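For our numbering, add 393 to where a residue sits in the first sequence, where the first one is 1.
Glycine residues also receive a C-beta, built at the ideal position from the N, C-alpha and C atoms.
Since the model is a prediction, treat every value here as computed from it, not as a measurement.
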Amino acid sequence: MTNREIASMFNELAVMLELHEVNEFKIKTYANAYLALRKLDINLLEQSKEENKTIRGIGASIADKIEEIKLTSTFAAYEEMKAKTPEGIRQIIKIKGLGPKKVKAIWRDLGIESIGELLYACQENQLLKLKGFGQKLQDEVIANIQFLTANQHLYLFPHLEIVASEIYKSLVELNPNARIEWTGEFRKRVQVLDKLEVVSDVQLIKSDAFTPHTNGHFLYLDRYPICFYHADTSSFEKELCLSTLGSDEFMSIVNQASFPDNATELEFIQSVFGKWIPAECRDLSSWNDFNADLLVDDHSIKGVVHNHSTYSDGLYSIREMALECIRLGYEYFVISDHSKTASYANGLSIEHVEMQWREIEQLNKELSPFKIFKSIESDILGNGDLDYDEDILSQFDLVIASIHQNLNMDLDKAMNRLITAIENPFTRILGHPTGRLLLSRKGYPVDFKKLIDACAANGVVVELNANPYRLDIDSTHIEYAQERQVLVSINPDAHNLKAIQDIKYGIQAARRGGLRKSNCLNTNNLENFEVWIKSKK
DNA sequence: GCCGTTTTCGGCCCGACTGTTTTCAGTCG
Numbered sequence: 394m395t396n397r398e399i400a401s402m403f404n405e406l407a408v409m410l411e412l413h414e415v416n417e418f419k420i421k422t423y424a425n426a427y428l429a430l431r432k433l434d435i436n437l438l439e440q441s442k443e444e445n446k447t448i449r450g451i452g453a454s455i456a457d458k459i460e461e462i463k464l465t466s467t468f469a470a471y472e473e474m475k476a477k478t479p480e481g482i483r484q485i486i487k488i489k490g491l492g493p494k495k496v497k498a499i500w501r502d503l504g505i506e507s508i509g510e511l512l513y514a515c516q517e518n519q520l521l522k523l524k525g526f527g528q529k530l531q532d533e534v535i536a537n538i539q540f541l542t543a544n545q546h547l548y549l550f551p552h553l554e555i556v557a558s559e560i561y562k563s564l565v566e567l568n569p570n571a572r573i574e575w576t577g578e579f580r581k582r583v584q585v586l587d588k589l590e591v592v593s594d595v596q597l598i599k600s601d602a603f604t605p606h607t608n609g610h611f612l613y614l615d616r617y618p619i620c621f622y623h624a625d626t627s628s629f630e631k632e633l634c635l636s637t638l639g640s641d642e643f644m645s646i647v648n649q650a651s652f653p654d655n656a657t658e659l660e661f662i663q664s665v666f667g668k669w670i671p672a673e674c675r676d677l678s679s680w681n682d683f684n685a686d687l688l689v690d691d692h693s694i695k696g697v698v699h700n701h702s703t704y705s706d707g708l709y710s711i712r713e714m715a716l717e718c719i720r721l722g723y724e725y726f727v728i729s730d731h732s733k734t735a736s737y738a739n740g741l742s743i744e745h746v747e748m749q750w751r752e753i754e755q756l757n758k759e760l761s762p763f764k765i766f767k768s769i770e771s772d773i774l775g776n777g778d779l780d781y782d783e784d785i786l787s788q789f790d791l792v793i794a795s796i797h798q799n800l801n802m803d804l805d806k807a808m809n810r811l812i813t814a815i816e817n818p819f820t821r822i823l824g825h826p827t828g829r830l831l832l833s834r835k836g837y838p839v840d841f842k843k844l845i846d847a848c849a850a851n852g853v854v855v856e857l858n859a860n861p862y863r864l865d866i867d868s869t870h871i872e873y874a875q876e877r878q879v880l881v882s883i884n885p886d887a888h889n890l891k892a893i894q895d896i897k898y899g900i901q902a903a904r905r906g907g908l909r910k911s912n913c914l915n916t917n918n919l920e921n922f923e924v925w926i927k928s929k930k
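Given below as structure tokens:
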């Protein structure tokens with residue numbers, strides 16, 4: 394069980410308690426425990442109770458509950474509240490725009506206990522009867538139910554990555570002589586998936602529970618949907634290639650050729666396309682200028698851009714973060730804490746900014762030749778302005794501009810806000826351009842062509858936020874960014890040490906989009922990165 | 001329930017917006 398899952402249990406507990414009217418500060422404590430625990434990169438279950446108690450926000454009672462989780466994967470207080478709260482209500486609470494107070498009204502006053510009932514009630518204008526509810530909220534609830542149901546049976550790649558490695562291990566144990574390979578979207582490292590797919594040259598599992606699936610057999614293994622494809626040893630590579638799939642363009646070319654017996658996938662693809670196309674690049678629409686050797690890979694990234702420290706809402710000091718970057722072999726590190734408007738994230742006052750600059754200068758003397766750059770993740774305000782004066786902004790090595798607040802915008806408002814920020818002479822990188830959180834928040838609407846055109850016109854680099862919940866910009870927009878010679882920066886947005894390694898998810902997304910090393914900002918070594926810093930706009 | 005003392009009790013992240021009100025509660029990041 395991950396820290397995030399444990400944290401979510403406390404958050405759910407807080408919400409359920411709120412539905413049942415318990416002391417609001419007790420509720421807040423559980424909600425705070427959620428905020429504290431979800432960010433941690435140490436493993437709670439491997440720590441002693443005493444160690445867990447030292448975490449700010451965790452006292453004797455919550456530490457005891459974590460002990461219970463160690464033994465039983467749950468805890469009594471949580472199970473008690475679960476028993477008192479219908480499953481449907483626990484889903485309804487996940488709908489954006491509905492907090493505990495509103496859910497309580499829906500549940501108690503309308504007697505609604507499931508998402509289906511809620512949708513029906515919205516269509517019948519039942520919500521309008523409730524105090525504090527209006528047309529706009531009702532419309533928003535309908536839209537958000539649709540978003541939620543569309544994402545219901547989808548998984549984030551890192552989640553399935555853990556599951557897949559466990560399953561792979563047991564499949565190999567059961568079938569020591571078989572050839573077994575992941576295929577389909579998991580092989581391509583697609584960020585959001587609905588299943589795992591596996592090819593093998595023997596029947597891996599004997600079961601009556603299989604259901605037929607295109608060219609394969611389908612089964613839930615440990616609750617996870619898996620599709621099995623079976624091939625002879627001689628046709629294994631063909632099956633692997635065909636089940637991996639690709640864009641319509643890719644598949645039409647592949648399907649016109651015939652796959653020779655005993656040929657490898659590499660040989661086949663090279664003969665058909667005249668070059669190797671890695672699995673993750675097969676959803677591109679064109680391979681005219683494609684050269685797999687030019688793509689970013691795990692060794693291309695030389696510096697870690699966009700990170701947070703204890704100055705704002707990060708968990709580690711600048712020194713600790715920098716040392717971790719050095720340990721991982723990077724040449725430089727860009728610290729971009731939150732700016733003053735982000736009060737919920739402890740955004741930096743001007744005094745704190747100056748204090749941080751002095752600390753960075755000190756550390757740079759000590760850690761040379763490694764270099765830490767002074768940056769800020771400046772909030773883009775409602776009108777598109779950044780939230781420090783020019784004399785402060787001008788003193789950062791680089792400014793990342795991101796939207797964090799008031800995400801509920803129509804296309805015009807969002808584009809005006811973004812383009813004003815892109816045109817700001819101090820903006821060097823546009824952070825997570827859509828604000829989406831995969832499977833949980835759609836993000837505001839963006840016209841990507843206009844956005845990238847504006848970045849091109851203003852020399853602004855676009856971020857590919859490597860947090861696996863964001864992966865924003867989406868890989869599908871990289872081709873156009875490259876066409877317009879807009880650089881992409883693959884940034885972990887790390888709030889703790891471990892998250893620095895999220896860069897790998899960004900690299901995967903970048904490769905799916907065909908990003909070349911030469912079009913990526915932080916493939917630059919320190920020397921060239923400094924040239925870019927000094928070039929200004 | 002947790003924290004931090006002004007240490008055994010009182011206060012709890014917070015600012016802004018939005019839709020609903022007719023002055024503000026609820027939600028979000």
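- A residue is called buried once 16 or more other Cβ atoms fall within 10 Å of its Cβ, and Q516, having fewer, is exposed.
- Burial of Y427 is indicated by the presence of at least 16 other C-beta atoms within 10 angstroms of its C-beta.
- Distance check between D686 and each of S679, W669, T637 places W669 closest, using alpha-carbon atoms only.
- With fewer than 16 other beta carbons inside 10 angstroms of its own, K562 counts as exposed.
- Rounded to the nearest angstrom, the gap between the Cα atoms of N404 and K475 is 12 Å.
- Spanning the alpha carbons of L914 and S593 requires a straight line of approximately 40 Å.
- Here DSSP, grouped into helix, strand and coil, assigns V556 to helix.
- Per DSSP, reduced to three states, the secondary structure at I619 is strand.
- Assignment of A847 by DSSP, reduced to helix, strand and coil, places it in the helix class.
- The C-alpha of L830 lies about 8 Å from the C-alpha of L864.
- For W575, there is no enclosing alpha helix (DSSP H); the enclosing beta strand (DSSP E) has its first and last residue at 573-576.
- Listed as beta-bridge partners of N858 by DSSP are D865, N884.
- In the pairwise beta carbon analysis, the region 875-889 is classified as not touching the region 665-680: fewer than three pairs are separated by under 8 Å.
- Within the same chain, and ignoring the five residues on either side of M394 in sequence, the residues whose Cβ sits closer than 8 Å to its Cβ are L438, I462, S466.
- Rounded to the nearest whole angstrom, the C-alpha separation of F418 and G452 is 14 Å.
- Here L597 is buried. Its C-beta has 16 or more other C-beta atoms within 10 Å.
- Under the DSSP definition of a beta bridge, K588 lacks any partner.
- Around the beta carbon of S928, fewer than 16 other beta carbons sit within 10 angstroms, so the residue counts as exposed.
- For H745, the enclosing alpha helix (DSSP H) stretches over residues 743-760.
- Bounds of the beta strand (DSSP E) holding K767 are 764-772.
- Contact between A794 and L774 fails: their C-beta atoms lie close to 10 Å from each other, not under 8 Å.
- Cβ neighbours of I893 within its own chain (closer than 8 Å, five residues either side excluded): V697, N700, M714, E717, C718, L721, P885, A887.
- The DSSP assignment places complete alpha helix (DSSP H) segments of no fewer than 4 residues inside the region 472-521 at 480-485, 493-503, 508-516, in order along the chain.
- Between the C-alpha atoms of Y704 and G740 there is a straight-line separation of about 8 Å.
- The beta carbon of D654 sits closer than 6 Å to the beta carbons of S627 from its chain, once the five residues preceding and following it are set aside; these are given in chain order.
- Between F661 and C634, the gap from beta carbon to beta carbon is short of 8 Å.
- The DSSP-derived three-state label of I694 is coil.
- Its Cα nearest to that of F726, the residue S710 stands out among L541, S732, V595, S710.
- According to the DSSP secondary-structure assignment, P605 is paired through a beta bridge with H610.
- Taking C-alpha positions only, N921 is separated from R483 by approximately 52 Å.
- Exclusion of the five residues before and after T916 leaves V689, S693, I694, K695, K910 as the residues of its chain whose Cβ lies within less than 8 Å of its Cβ.
- The Cβ atoms of T576 and E559 lie no closer than 8 Å to each other.
- Where A536 is concerned, the enclosing alpha helix (DSSP H) starts and stops at 528-543.
- By the Cβ rule, the region 797-810 does not count as touching the region 865-876, because fewer than three pairs are nearer than 8 Å.
- S401: member of the alpha helix (DSSP H) spanning 396-412, first to last residue.
- In the structure shown, Y423 adopts helical secondary structure according to DSSP, grouped into three states.
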